[in-house]
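Numbering-wise, the numbering used here puts 240 at position 234 of the sequence shown, and it's gapless, one number per residue. For glycine and all other residues, C-beta sits at the position ideal for the given N, C-alpha and C. Notes for the one structure printed next.
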Amino acid sequence: MALNILVAGGAGFVGSHLCDALLAQGHRVVCIDSFLTGSRQNLRPLRNHPGFTLIEQDICDPVQIDLPLDRVYNLACAASPPRYQADPVHTMMTCISGTGNLMRLAAQHGARFLQASTSEVYGDPERHPQSEDYWGNVNCTGPRACYDEGKRAAETLCFDWLRAGKGDVRVARIFNTYGPRMQPDDGRIVSNFLVQALRGDPLTVYGRGAQTRSFCFVSDLVAGLIALMEIDQNPGTPINLGNPGEFTVIELAKMVQEMIPTRSRIVYRPLPTDDPQRRRPDITRAKTILGWEPKVPLAEGLQETAAWFALTLGLDVPSRSGALVRA
Ligand SMILES: NC(=O)c1ccc[n+]([C@@H]2O[C@H](COP(=O)([O-])OP(=O)(O)OC[C@H]3O[C@@H](n4cnc5c(N)ncnc54)[C@H](O)[C@@H]3O)[C@@H](O)[C@H]2O)c1
């Protein structure tokens, strides 16, 4: 059955892939985005799609949609640290007022609501791997707090709303996700390394590079978000969505160096404040409740992402054999 679906943040990296996937399934999609960190380029393939509508708006302002809605996905929030720290008060208000506005909208329409939360709610975790029943270790006054605490407060709103019987609200805790359409300069680790290697610049490692991360390819994440939204029974708990493969930052840098033959060496810079030391999702709930787990291996996803950056930036494209081909 074709549904009417609102995607807030649909011009962003993950949101634009979600819009693509929902339209490909035959649904109608309304995208709301302020273009704070998203881009019109991401929506270019959808511009003339008859099922796609774009509304340029900040979700901190009251949201009124006169079209019918069955589902509301809230992905609107800057996700990379330099971007969400550029205007921390706005980041916090996006998480709180913006999420509240969209939950009210979903309730008015009787639509299901899905909140894109984050592994950052676990902060610098003292438990490893992170399962959903871990409450986290977050510095509420540090420079990352506008995002980490904003997303935690948004989760509180979601579960208060659910307990009060005001709507069918679901929460995905998303771990590091990468893929085509990341912004080349957004300061996230995968985009940093790939763009630096393609340009022949040094790869910047913060600290000694022993901190670990898990990397989920964007198509896997989108499948998980849709599975969580579409499961009939509301799970009533947050669900981790991420790839449980765990890599140190140095391991990732070396994979990139091997994949993109480059002059790039590794340079070390001081660790940013409150940088988490270990990250790996426990995805038992996603597997058992949603029947979901990621499929794309890191090497394959990195290759596809590198090829996309190369084409977008007009640089050399690494081929599967490792040879370089002019974009
Ligand atoms: N990509 C990841 O690794 C990751 C990890 C954890 C959580 N998430 C969450 O997933 C969501 C999408 O992340 P992304 O990587 O696509 O980020 P992104 O920055 O590429 O996309 C966010 C989108 O939201 C829009 N936006 C931001 N604030 C807005 C506001 N106040 N009103 C309207 N639009 C607004 C931006 O313009 C952008 O298009 C975010 O909520 C993020 O917190 C992402």
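### Query
If you draw a straight line from the alpha carbon of Asp64 to that of Asp281, how long is it in whole angstroms?
Looking at the two C-alpha atoms, the distance is approximately 29 Å.
#### Entry: Candidates Ala292, Cys37, Pro74 and Ala159: closest to Glu62 by CA position
For Glu62, the closest of Ala292, Cys37, Pro74 and Ala159 by C-alpha to C-alpha distance is Cys37.
#### Entry: Length of the line joining the Cα atoms of Arg176 and Ser270
So the alpha carbons of these two residues sit roughly 43 Å apart.
### Task
Determine the DSSP secondary structure at Phe165, reduced to helix, strand or coil.
Three-state result, Phe165: helix.
### Task
Measure the CB-CB distance between Asn246 and Glu138 and report whether it falls below 9 Å.
Taking C-beta atoms as the reference points, Asn246 and Glu138 count as a pair closer than 9 Å.
### One or two residues paired with Gln295 in a DSSP bridge
The question names Gln, but residue 295 is Ile in the sequence shown. According to DSSP, which records beta bridges pairwise, Ile295 is partnered with nothing at all.
#### Entry: Within the segment 23 to 52, ranges of the alpha helix (DSSP H) (whole runs, at least 4 residues)
Qualifying alpha helix (DSSP H) stretches, in chain order: 46 to 49.
### Message
I'd like the span of the alpha helix (DSSP H) that includes Leu308, first residue to last.
### Response
Here the alpha helix (DSSP H) through Leu308 covers Leu304 to Leu319.
#### Entry: Continuous beta strand (DSSP E) assignments of at least 3 residues falling wholly in the segment 158 to 245
As far as the segment 158 to 245 is concerned, its whole beta strand (DSSP E) runs of at least 3 residues are 175 to 180 and 209 to 212.
### Message
Please state the DSSP three-state secondary structure of Ile11.
### Response
In the three-state reduction of the DSSP assignment, Ile11 falls in the strand class.
### Task
Consult DSSP for Ala122 and reduce its assignment to one of helix, strand or coil.
Three-state result, Ala122: strand.
### Query
What are the residues that DSSP puts in a beta bridge with Glu62?
Bridge pairing for Glu62: Asp39 [DSSP].
### Message
Going by the DSSP bridge assignment, what does Gly287 pair with across the sheet?
### Response
Residue 287 is actually Pro in this sequence, not Gly. Pro287 pairs with Gln136.
### Message
ligand 1 and Asn198: does the residue's C-beta get closer than 8 Å to at least one heavy atom of that ligand?
### Response
No, ligand 1 has no heavy atom inside 8 Å of this Cβ.
#### Entry: Simplified DSSP state of Val144, which is helix, strand or coil
Three-state DSSP puts Val144 in coil, outside helix and strand.
### Message
So, for Ala333: in the same chain, excluding its five sequence neighbours on each side, which residues have a beta-carbon less than 7 Å away from its beta-carbon?
### Response
Its pLDDT being 48, under 50, Ala333 is placed unreliably in this model, and the value from its coordinates should be taken loosely. Cβ contact annotation for Ala333 (same chain, cutoff 7 Å, sequence separation greater than five): Ala316, Leu317, Gly320, Leu321, Asp322 and Val323, in chain order.
### Query
Roughly how many angstroms lie between the CA atoms of Arg46 and Asn182, to the nearest whole one?
When the Cα atoms are used, Arg46 and Asn182 turn out to be separated by approximately 23 Å.
### Task
Could you work out which residue in Asn54, Glu126, Leu52 and Cys164 is closest to Asn107 when comparing CA atoms only?
Closest by alpha carbon: Cys164.
### Task
Could you have a look at Ile71 and say whether DSSP puts it in helix, strand or coil?
Coil at Ile71, not helix or strand.
### Message
Checking the sheet assignment: what are the DSSP bridge partners for Asn80?
### Response
Asn80 is bridged by DSSP to Ala14 and Gln121.
### Query
Quick one: what's got a C-beta closer than 6 Å to Leu28's C-beta in the same chain, skipping five residues either side?
Non-local beta-carbon contacts of Leu28 in its own chain, meaning distances under 6 Å to residues more than five positions away in sequence, involve Ile11 and Val35 in chain order.
### Query
Mind checking whether the beta-carbon of Gly230 lies closer than 8 Å to any heavy atom of ligand 1?
Between ligand 1 and the CB of Gly230, the shortest heavy atom gap is not smaller than 8 Å.
#### Entry: Residues near Pro149 by beta carbon distance below 6 Å, same chain, minus five either side
Gln91 and Thr279, listed in sequence order.
### Query
By DSSP, does Met275 sit in helix, in strand, or in coil?
Before going on, a small fix: residue 275 reads as Arg here, not Met. Here Arg275 carries a strand assignment [DSSP, helix/strand/coil].
### Message
Tell me the DSSP secondary structure of Gly21 in three-state form.
### Response
It is helical.
### Task
Would you check if the distance between the CB atom of Asn143 and the CB atom of Glu132 is smaller than 9 Å?
Their beta carbons are under 9 Å apart, which means Asn143 touches Glu132 by this criterion.
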